[in-house]
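Residue numbers (the working numbering): 1 to 179. Glycine included, C-beta positions come from ideal geometry on N, C-alpha and C. These numbers were taken from a predicted model, which means no experiment stands behind them. Take a look at the structure set out below.
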């Protein structure tokens, strides 16, 4: 994790592989965390196929209803979007957040990892020109990040909100999102 945060994604992937190998006899959540770290690092290295495999393993181990599972689902949606599989990415985010297509109610938003998933869904919706919902989700992600005190989530969601506001032609709102 430390190497990933520092931007050394190749080293992070190597360390995650070692951790995953050593965790074979550990509990499911330990292995899920290592698989998620591997998938995240591989995604940043551009190995989207490897990332997808590792993230699916993390999700299988952790399930949808856990912090680690939601982290992996959010990253997998990012991988799918980078592959141009926007419909799958959207569906995965909506499922992960417990959203219904009709009313957009959030059921799983109490988990801290939901903020990043909200930003990922916002990015997909931005690509589909669904700007109002994209802005709402990014705003909710910022609020969730603030509630949990997660600087990385606040930053990621704020950047996403700025992109949406810019696409809406709201330069003042874009600048305000980054303050």
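Own chain residues within Cβ distance below 7 angstroms of residue i, not counting five before or after
i	result
residue 161	135, 138, 139, 142 and 177
residue 174	162, 165 and 166
C-alpha gap between residue i and residue j, whole angstroms
i	j	result
residue 154	residue 24	34 angstroms
residue 165	residue 179	14 angstroms
residue 133	residue 123	10 angstroms
residue 53	residue 39	7 angstroms
residue 16	residue 116	21 angstroms
residue 146	residue 113	12 angstroms
residue 80	residue 119	14 angstroms
residue 92	residue 157	18 angstroms
residue 46	residue 85	16 angstroms
8 angstroms contact criterion, which residue i and residue j should meet: CB distance rounded
i	j	result
residue 51	residue 42	4 angstroms
residue 35	residue 14	14 angstroms between Cβ atoms; not a contact.
residue 78	residue 37	Contact flag wrong, Cβ pair sits at about 15 angstroms.
residue 168	residue 131	5 angstroms
Element boundaries [alpha helix (DSSP H), containing residue i]
i	result
residue 29	28 to 45
residue 129	That residue, residue 129, is in no alpha helix (DSSP H); it is neither H nor E in DSSP.
residue 98	Looking at the DSSP string, residue 98 is not in any alpha helix (DSSP H), and its letter there is neither H nor E.
Top-ranked residue by Cα proximity to residue i, from the options
i	options	result
residue 72	119, 80, 81 and 55	55
residue 29	9, 68 and 10	68
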